Amino acid sequence: MTSESTPIEPAPGAEGGGVVLSLQDIRKSFVGVAALKGVQLQLRAGEIHTLMGQNGAGKSTLIKVLTGVHRIDGGQMVLDGQPIRPASPLQAQQLGISTVYQEVNLCGNLSVAENVFAGRYPRRGWLQGRRIDWAAVHRRTRELLARLDVDIDVTRLLSSYPVAVQQMVAIARALSVSSKVLILDEPTSSLDDDEVQKLFEVLRRLRDQGLAILFVTHFLNQVCAVSDRITVLRNGSWVGEWKASELGPQALISAMVGREWDMSAADAAQRPPLPADAPVLLTAEQLGQRGQLQPVDLQMRAGEVVGLAGLLGSGRTELARLFFGLARPDSGELRIGGEAVQWSAPADAVRKGLAMCPEERKSEGIVAELSLRENIALALQASLGLKKNLSRAEQTQLAERFVKALGIKTPSVDTPIGLLSGGNQQKAMLARWLATNPRLLLLDEPTRGIDVAAKQEIMDEILRLAASGMSVLFISSEMNEVTRVSHRIAVLRDRRKVGELPGGSKEDAVYDLIAAQT
7 MTSESTPIEP
17 APGAEGGGVV
27 LSLQDIRKSF
37 VGVAALKGVQ
47 LQLRAGEIHT
57 LMGQNGAGKS
67 TLIKVLTGVH
77 RIDGGQMVLD
87 GQPIRPASPL
97 QAQQLGISTV
107 YQEVNLCGNL
117 SVAENVFAGR
127 YPRRGWLQGR
137 RIDWAAVHRR
147 TRELLARLDV
157 DIDVTRLLSS
167 YPVAVQQMVA
177 IARALSVSSK
187 VLILDEPTSS
197 LDDDEVQKLF
207 EVLRRLRDQG
217 LAILFVTHFL
227 NQVCAVSDRI
237 TVLRNGSWVG
247 EWKASELGPQ
257 ALISAMVGRE
267 WDMSAADAAQ
277 RPPLPADAPV
287 LLTAEQLGQR
297 GQLQPVDLQM
307 RAGEVVGLAG
317 LLGSGRTELA
327 RLFFGLARPD
337 SGELRIGGEA
347 VQWSAPADAV
357 RKGLAMCPEE
367 RKSEGIVAEL
377 SLRENIALAL
387 QASLGLKKNL
397 SRAEQTQLAE
407 RFVKALGIKT
417 PSVDTPIGLL
427 SGGNQQKAML
437 ARWLATNPRL
447 LLLDEPTRGI
457 DVAAKQEIMD
467 EILRLAASGM
477 SVLFISSEMN
487 EVTRVSHRIA
497 VLRDRRKVGE
507 LPGGSKEDAV
517 YDLIAAQT
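If you read the sequence shown in my numbering, its first letter stands for residue 7, the second for the next number, and so on.
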């Protein structure tokens, strides 16, 4: 994943054409909660227009309105001069509005060409005898990918290609229906720097061909790199629209959070000092799992934040899973407080004072259908077992305490957690495990996919927990976060530990260790 500190070449200026899609006074509410309050947006031909805002600002809701997932309560949507109200994603696509999401929504067990034309295959022959014209499918797929400067075997399974190529295939599918508007929702979250640059080259090429592009991201450096125009939302309301050249990073953050933002002050958060006599809480000696992680040595002390640094696939998550009992080691020893332990399940780790917030909060964390109150109470209730059932009043008291302590924005603790923003869902996951009063907290990508202000709140909370004596294992692809919050940094590469660095080390020193040849 690209960090916000990574420099990217600025976008060349582009003066867009006429307005293709215009939204005026868009309003949308859920269960009495106003998600969009008079939002406006204008997308122009030949422009890359970036939509920015904190989690909960209304970006996702606006995209779902544009793509027909949600029907608006009020306002006007105009495409090429004609009023529209798409009632489904299919209808939005038929109108010329296509979307590429963060998680590629294609079928890995189909070929590239089948994915591009699924449900719309060119055919030949007559009536019932019409057959799929595979030669045309393959030829047209290659032509679409050529527009993106992608040359691959279109007959191979999509799953055989990396995520970056799969995203190009998703864009090709969008282009195959003669899209007028292309929406990209967090498309760079799983890409490395080179892949991001490649994607931006493609977006600029499509922009120059006259396409109207709406780009959604949390990475400030990417906004500066690729945007021609920026719209900011805050708390469901429209804040303003600017040419990208008129809005620097600090002014952009200030517009998002609604107050003056001092980036240098945010970066100056201080790690609490680690007492020299802080007891060792966790010891891993040659802990490993065949095929997943080479044997690792690591110690963690009470009140210490240990960062795990490395590229995707380096073994960071695998190590955390061994610590928490989500996977079983086949070598080495794990000791908690000096006692050798062998987990049969994560519940054993919880009883010893460990807690883990997983990387995939949607699939492994939140239960979207349950309320915020129920989600926060889950881990504590599980640790209590059948001996004690938390009453609704106890759950409410617990949830309200963490809503206040962590600044979770919600209409009520009984609001379904699936209706909250990503940043507030992440805080709720943190609250769930803090409710068990752990000694050691494992955080896997806790700031992934949340806005800059919510990130800072999470970072501040990590430092506060460390100051209270809790040990924290911090995994993040944002290298500046790892160096800033950690007392010590363990660096992994190719599923093995390659060294350690002190907290506060320069990012270049971490990357040098990752890249060092052995």
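Built from N, CA and C at the ideal position, the CB exists for glycine as well.
Fair warning: this is a prediction, and the values are worked out from it, not measured in the lab.
Hey, is the stretch 204-217 in contact with the stretch 247-255, meaning 3+ C-beta pairs nearer than 8 Å? no
Where the beta strand (DSSP E) containing Met83 begins and where it ends: Gly80 to Leu85
On the CB-based measure, 16 or more other CB atoms within 10 Å of its CB, does Gln462 come out buried or exposed? So Gln462 counts as buried.
Under the assumption that Gly309 contacts Gln300 (Cβ atoms under 8 Å), give the Cβ distance between them as a whole number of angstroms. At roughly 29 Å, the Cβ-Cβ gap does not stay under 8 Å, so Gly309 and Gln300 are not in contact.
In three-state DSSP terms, what is Gly44? strand
Exposure label - Pro444; buried when at least 16 CB within 10 Å: buried
Quick one: using the 10 Å Cβ neighbour count with 16 as the cut-off for buried, is Leu287 buried or exposed? buried
Taking the alpha-carbon of Ala141 as reference, which of Met435, Ala119, Leu253 and Arg407 has the nearest alpha-carbon? Ala119
Excluding the five sequence neighbours on either side, which residues of its own chain have a C-beta within less than 7 Å of the C-beta of Pro352, listed in chain order? Counting only Cβ-Cβ distances below 7 Å, and skipping sequence neighbours, we find Phe330, Gly331 and Leu332.
When you compare the stretch 67-83 with the stretch 447-461, are there three or more beta-carbon pairs, one atom per stretch, that lie closer than 8 Å? no
For Glu487 and Leu239, I'd like the C-alpha separation in whole angstroms. Using only the alpha carbons, I get a separation of about 25 Å.
Does DSSP put Pro89 in a helix, a strand or coil? Collapsing the DSSP output to three states places Pro89 in a strand.
Quick one: give me the first and last residue of the alpha helix (DSSP H) that Trp349 is part of. Element bounds for Trp349: n/a, residue is neither H nor E.
Beta bridge counterpart(s) of Gln100 as assigned by DSSP: Answer by DSSP bridge pairing: none, since Gln100 is not bridged.
According to DSSP, is Gly510 part of a helix, a strand, or is it coil? coil
Could you give the distance in angstroms between the alpha-carbon of Leu154 and the alpha-carbon of Leu328? 41 Å
Taking the alpha-carbon positions, what's the Ala180 to Arg499 distance? 36 Å
Taking the straight line between their C-alpha atoms, what separation do you get for Pro193 and Lys393? 46 Å
Per DSSP, the bridge partner or partners of Phe221: Paired residue(s): Thr56 and Leu190.
What ranges does the alpha helix (DSSP H) occupy inside the stretch 291-335, keeping only unbroken runs of at least 4 residues that lie completely in it? 322-330
Any 3 or more C-beta pairs closer than 8 Å across the stretch 159-174 and the stretch 84-96: no
What residue does the alpha helix (DSSP H) around Ala250 start on, and which one ends it? Looking at the DSSP string, Ala250 is not in any alpha helix (DSSP H), and its letter there is neither H nor E.
Local Cβ density within 10 Å of Val39, reported as buried at 16 or more and exposed below that: Val39 should be labelled exposed.
Expressed to the nearest angstrom, what Euclidean distance is found between the alpha-carbon atoms of Gly81 and Pro255? 31 Å
For Pro508, is the classification buried or exposed, using 16 other Cβ atoms within 10 angstroms of its Cβ as the cut-off for buried? Label assigned to Pro508: exposed.
Indicate whether Ser377 and Asp420 have their beta-carbon atoms separated by less than 7 Å. yes
Less than 7 Å separating the beta-carbons of Ile423 and Ala434? yes
Since Cys363 sits in a beta bridge, which residues does DSSP pair it with? Note: Cys363 sits in a beta bridge opposite Leu449.
Quick one: what does DSSP say Ala284 is sitting in, helix, strand or coil? coil
State buried or exposed for Val37, treating a residue as buried only when at least 16 other CB atoms are found within 10 Å of its CB. exposed
Could you tell me if Val516 is buried or exposed, where buried requires 16 or more neighbouring beta carbons within 10 angstroms of its beta carbon? Answer is buried; the Cβ neighbour count reaches 16.
Rounding to the nearest angstrom, what Cα-Cα distance links Val504 and Ala521 in this structure? 10 Å
Look at the Cβ atom of Ile382, then the Cβ atom of Ala411, and state whether they are nearer than 7 Å. Here Ile382 is not near Ala411, since their CB atoms are 7 Å or more apart.
Member of Glu380, Asp191, Leu226 and Ser482 whose CA lies at the smallest distance from the CA of Asn395: Glu380
Name the DSSP bridge partner or partners of Arg130? Arg137
Cutoff 7 Å: Trp248 Cβ touching any chain C Cβ: Chain labels in this structure do not include chain C; a single protein chain is all it has.
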